[in-house]
Structure formats: C-alpha cells, structure tokens
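So the sequence lines, in the order shown, correspond to chains E and F.
Numbered per the numbering used here, the first sequence spans residues 999 to 1105.
Numbered per the numbering used here, the second sequence spans residues 22 to 303.
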Amino acid sequence: MEGVRPRVRVDNATEAGASVEVKTLISHPMESGQRRDGDGNLIPRQIINRFTAEYNGEMVIDIAIDPAVSTNPYFEFDATVPEPGSFTFTWYDDDGDVYTATDDQSW
Amino acid sequence: MPGYTRKATLAVLLAGTVMVAPALGDESAELVIDGETLITRAPAPEHMENMSEIMSGWLFRSSETQAVQMDDFDNPGMLYVDEGLDLWNVVEGEAGESCASCHGDAESMAGVRTQMPHVNENGELWAMEDYINNCRTERMGAEAWGWESNEMLSMTTMISYQSRGMPMDVQIDGEAAPYWEQGREMYYTRTGQLNFSCANCHEDNYGNMLRADHLSQGQINGFPVYRLKWAGVGSIHRRLRGCITDTRAETYGRGSDELTALELYVASRGNGLSVEAPSVRN
C-alpha cells in the first residue's frame, strides 16, 4: 500500500542491560472489512496483521493484529538492551507489503 | 417469590448506580511542546463585547487527549506534517515546478497560518486552501486539490505547523471588514430546526456540558486538527459544516464564500492564541 509511513522513537540505552522505552506508530487506514461503501458493497479488509520488533536478530515482541485495531496503530513497550546493536521493526500488510524501520543503540 | 427476587435485584442495581462525573481536562494545564509553552489563554480581542478571556479548545479536552498533543511523537497529526514536507518538493504540472521552486524551504511559510483567511490582491477573501490551489493551477499548471483531500490536508497542516507557537493575528479592518461583518452576522444568527447560533454554545455556554461533550469556545487556532473521532486530520470548513449540521440547518459547501467569511470571524475571535497545528481533539 502506498503512502504508509512508519515512525519510531526509542530511548538511548546508557549501559548494557538497560531498559528502554520503545514507541512506534504507522500511518495505515486499517480497513476492517466490516464496512460498506455508498452502494452497499463490502469494502475489502486491509489491515496490518502483524508487527514485530527484533534486536540483533533476536525477537523482542511479535504481535498478531486483528481488524478491531483502529487507524494508525500505535505500540509502546519497554525492551532490555543487552549489548550495542540495532532494533528492526517490521509491519506486515494484508496486501503482502512489508514496512520496516530501524533504531541503533550504542553507548 | 420471583417478584421479591426481582425487587431485590433492582435494589442492588440502584445502590450500585453512581453518578459518574464527566472526564474533564485540567483547565489550568499548560500546553508545553518540546520545551515551548503555547498561549492557550489570552485577553479577548477588543471587538469581542461579551467575553473577557479567550481559551484554546485544548483546555477543554480530557487530560489523556491533552497529553497526546504535548508529544510530537504521539501526535498522529505529525504524520500529515511529514507527508506535507514530502509534497512540498514534488514537481508537478506543466511548468515543471514544485512549491520549493518558488518558495524555497518550507520554513519560509512561518507566519502564514496566523494571517488566514486573508484578502487577496483582487479583494477576495481566500482561505489557505484557496492560495494553495491558486499556486497549483496558475503557477504550476497542475490540477487543483480537493478541499478535504489527503494532499491538501497534509499541505495545510505542514504549512500551519511552521507557525506553531505564533499568535493568531488575522486582519479584520480595511478590505477584510465586509467579510468580517458577514462572518459576524452568521455567528450570531440563529439557524436550523434547533434554532441555535454559534454564540449560543460557544459564547453563552462554553465550559458547560452538551450531553457528553465539554463545550469549548469553538476556537480554530489549532486547525488543521487531528480529531480522534475522525481518525484523521480535518479542515476548518469540515468542522464548521459539522456544527451547522448539528443545528439541523442546511449547510454550506467547503470553500464557499459563506464558510470562508465565517472562518475569518471565528479566527479573529482567537487573535492572540498560539497556532497549535496539528492540534489533537476528541
């Protein structure tokens, strides 16, 4: 889907083992598949169905998303940073598109 | 015995009924974004006879909604600012120009929001959308954007964002005077099956509850606004149409002379409040 825009903000860890706050937001209509258009036809579902965060290849969080989640999904969580490296955030769209964002951690 | 059981149940239900106070925001809160304090209270402009203080709609929202606007990351309206910055540099139309070709950096738009709507060189009152579409059709040779299209909303949000923190300062005298008078007339005229004027709610009753809604002064210094109800950014004219429809009146089209005149008058009631775009409301 065009025009989808991920945004990520992660605190900078100050030492190994520090806990950092992660905030992620992505612009997406999250069409539920339940609505009808002006002619009464069902608008096909198109949502982001999965969101993952990895750190240096290790899975931090893996979320299955259902149609009840509203427009522009926002996730906030804490993660422990064991060593310098980088986060990779991935959003999976129903249409097969994958959006990614990264954040580097060093101290 | 079923009768007794029912009565007993009812009694329990009644005892469990508690009057729930509406979730009101903190009206004494300060709007600080990135270390900058925005003006959310100011002395009313001289032309306002019935009020002494003007207040941003931000003060009337719940503390949760207030908090979303205080953090640019949490504020989903910033997605439109990002989109608008991209559009600023897109070359479109026969002339092969982008906004940036003439105007340079988007920062050059600082202050524009505070003056909108504004009388153009032909003596017509134009909203920001009119100026943008004029640039597109006359200078770029591109197609005009729809008033409520994503492109237009992104552009107006991004341009307005350049003025964030600057006080609203629309012109109401000189060439603007007749438009301002027209808008003022509309503001105080009762309309619709419910027979309400703008002033009935936003001047006489701000601070009171309209069912579940905490009535504000109806200020537009925060526009374009990210409205949680819309799950998106909307224009001033969209909001004005919503209000007029709520009085069960026939409303005016987006970009109509009537709504632009009303926009000027309502904007002038906020002269002195900071531009907040993109603000967040419910």
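Using N, Cα and C, we set each Cβ at its ideal position, and we do this for glycine too.
The model shown is predicted, which means the values in this text are computed figures rather than measured ones.
CB contact check: residue i to chain E, cutoff 8 Å
i      : result
F:E104 : yes
F:L100 : yes
F:F244 : no
F:A42  : At F:A42 the pLDDT is 48, less than 50, meaning the model places this residue with poor confidence and gives no usable figure here.
F:A252 : yes
F:P199 : no
F:F81  : no
F:P97  : yes
F:F217 : no
Anticipated Cβ contact below 8 Å, residue i with residue j, distance rounded
i       : j       : result
F:S184  : F:V296  : 4 Å
F:H68   : F:S289  : 7 Å
E:D1092 : E:N1047 : 6 Å
Under 7 Å by beta carbon: chain C residues contacting residue i
i     : result
F:A88 : Here the protein chains are E and F, and chain C is not one of them.
Length of the line joining the Cα atoms of residue i and residue j
i       : j       : result
F:R62   : F:Y286  : 18 Å
F:L283  : F:D107  : 31 Å
F:I54   : E:N1039 : 43 Å
E:T1088 : E:S1104 : 21 Å
E:T1012 : E:P1080 : 11 Å
E:D1037 : E:Q1044 : 19 Å
F:N221  : F:P188  : 26 Å
E:E1052 : E:V1018 : 14 Å
F:M230  : E:A1014 : 51 Å
E:Q1032 : F:C264  : 28 Å
F:Q87   : E:T1086 : 31 Å
F:D321  : E:F1049 : Since the displayed chain F opens at 22 and closes at 303, residue 321 of chain F lies outside it and no answer follows.
F:E150  : F:M173  : 7 Å
E:V1020 : E:Y1090 : 19 Å
F:R134  : F:T281  : 14 Å
F:M137  : E:E1074 : 37 Å
Chain F contact for residue i (CB, 8 Å cutoff)
i       : result
E:S1025 : yes
E:R1003 : yes
E:R1043 : no
E:R1007 : yes
Near the ligand GDP: residue i beta-carbon under 7 Å from a heavy atom
i     : result
F:H68 : Among the components modelled here there is no ligand, and therefore nothing to report on the ligand GDP.
Inset, instruction - Could you list the residues in the region 1062–1075 of chain E with a C-beta less than 8 Å from some C-beta on chain F, going in chain order? - result: S1068, T1069, N1070 and Y1072
Legend entry - Cβ pair count under 8 Å reaching 3, the region 117–132 of chain F against the region 145–161 of chain F: yes
Inset, instruction - Taking 8 Å as the threshold, find out whether the region 1064–1072 of chain E comes into contact with the region 1023–1030 of chain E through three or more Cβ pairs. - result: yes
Inset, instruction - Taking a Cβ distance cut-off of 8 Å, strictly less, list which residues of the region 111–138 of chain F are near chain E, in chain order. - result: none
Inset, instruction - Kindly confirm or deny that the region 94–102 of chain F and the region 246–262 of chain F touch, where touching means at least three C-beta pairs closer than 8 Å. - result: yes
Inset, instruction - Count the CB pairs spanning the region 139–153 of chain F and the region 211–219 of chain F that are closer than 8 Å, and state whether there are at least three. - result: no
Inset, instruction - Inspect the CB distances between the region 1090–1099 of chain E and the region 999–1008 of chain E and report whether three or more fall short of 8 Å. - result: With a cut-off of 8 Å, the region 999–1008 of chain E and the region 1090–1099 of chain E count as touching, because enough Cβ pairs lie within range.
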